[in-house]
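Numbering (the working numbering), first residue to last: 712 to 935. The beta carbon of each residue, even a glycine, is placed where N, CA and C say it ideally should be. Fair warning: this is a prediction, and the values are worked out from it, not measured in the lab.
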DNA sequence: AAAACGCACAACCGCGAAGGC
DNA sequence: CGCCTTCGCGGTTGTGCGTTT
């Protein structure tokens with residue numbers, strides 16, 4: 712087990728450390744991460760504690776294979792949000808941003824033709840990915856505004872928990888939005904907004920089937 | 001049987017955002 | 001308004017384990 716120059720523990724967490732962290736959060740609650748190492752008696756940095764809690768110790772975290780529905784949702788949300796793993800994970804109960812990110816990088820990315828050396832280069836060259844048509848919305852606040860999020864039939868509201876905070880920055884996202892910064896008010900605007908969102912969320916059945924077959928072959932998703 | 005390789009995932013790092021003073 | 005601290009996120013690396021040779 713390595714330590715950094717200031718003697719803070721790094722590397723894999725032990726059961727004892729997990730227990731200390733859980734007990735601490737159980738006692739004091741989440742947040743105030745800078746105090747957690749001290750209160751828990753852990754020789755870990757706050758970041759490490761936070762990450763461990765969020766990714767592994769939090770209640771209701773789901774481990775194991777991704778279901779078909781989950782993959783479907785990830786693909787669609789990634790198409791919509793890009794690499795906003797925390798937002799995507801927020802829509803998939805029990806999954807963490809790290810889980811989703813790892814799954815995407817090891818399975819889905821591959822199946823989209825980004826594999827081996829090419830994948831490595833693409834990962835390194837993230838600037839290039841920003842030049843694609845991925846919509847990268849910034850978190851926004853719409854004070855006093857309503858935002859109409861289209862729903863997919865038979866699915867949970869995929870957007871109700873999207874964090875919306877404010878910024879005044881102009882973005883490509885804004886330019887693409889048919890009902891820029893406000894609610895669609897006329898029937899035409901509503902239709903246009905629905906078409907816009909539908910287009911973003913559209914992933915053909917063929918695309919998904921191909922993905923599922925490939926992923927299944929790699930052995931990750933066994934329980935469809 | 002063991003070394004080499006590849007994959008999956010846990011963990012770390014760096015940076016930007018947010019908030020307090 | 002600027003500085004400082006803390007938080008949270010995405011990208012990247014490290015490590016362990018299974019598979020192949």
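When 814, 803, 801, 763 are compared, the shortest CA-CA separation from residue 725 is found for 763. Counting along the chain, the unbroken alpha helix (DSSP H) around residue 760 starts and ends at 757–763.
Looking at the backbone, the Cα of residue 794 and that of residue 813 are separated by about 12 Å. Residue state for residue 720 is assigned as strand, using DSSP reduced to three classes. Residue 735 and residue 780 have their C-alpha atoms spaced approximately 35 Å apart.
Residues 785, 788, 789, 792, 811 of the same chain have their beta carbon placed closer than 7 Å to that of residue 799, with the five preceding and five following residues left out of the count. Within the stretch 733–812, the alpha helix (DSSP H) runs of at least 4 residues that lie entirely inside it are, in chain order, 747–751, 757–763, 779–792, 796–801. Beyond the five residues adjoining it in sequence on each side, residue 765 comes within less than 7 Å, by CB distance, of 807 in the same chain, given in chain order. In chain order, 728, 731, 732, 760 place their CB closer than 7 Å to the CB of residue 753, counting only its own chain and leaving out the 5 sequence neighbours on each side.
In the assembly as shown, residue 774 is an exposed residue. Its beta-carbon has fewer than 16 other beta-carbons within 10 Å. Excluding its 5 nearest sequence neighbours in each direction, residue 744 has C-beta neighbours in its own chain below 8 Å: 757, 758, 760, 761, listed in chain order. Beyond the five residues adjoining it in sequence on each side, residue 796 comes within less than 7 Å, by CB distance, of 808, 811, 812 in the same chain, given in chain order. A residue is called buried once 16 or more other Cβ atoms fall within 10 Å of its Cβ, and residue 748 is buried on that count. In this structure, DSSP gives residue 817 a helical state, which the three-state scheme calls helix. The alpha-carbon separation between residue 746 and residue 778 amounts to approximately 37 Å. Taking C-beta atoms as the reference points, residue 772 and residue 742 fail to come closer than 7 Å.
Just so you know, the alpha carbons of residue 768 and residue 737 end up roughly 11 Å apart. In terms of Cβ geometry, residue 755 and residue 720 form a close pair [threshold 7 Å]. In the same chain as residue 750, and ignoring 5 residues on each side of it, the C-beta atoms closer than 7 Å to its own belong to 735, 739, in chain order.
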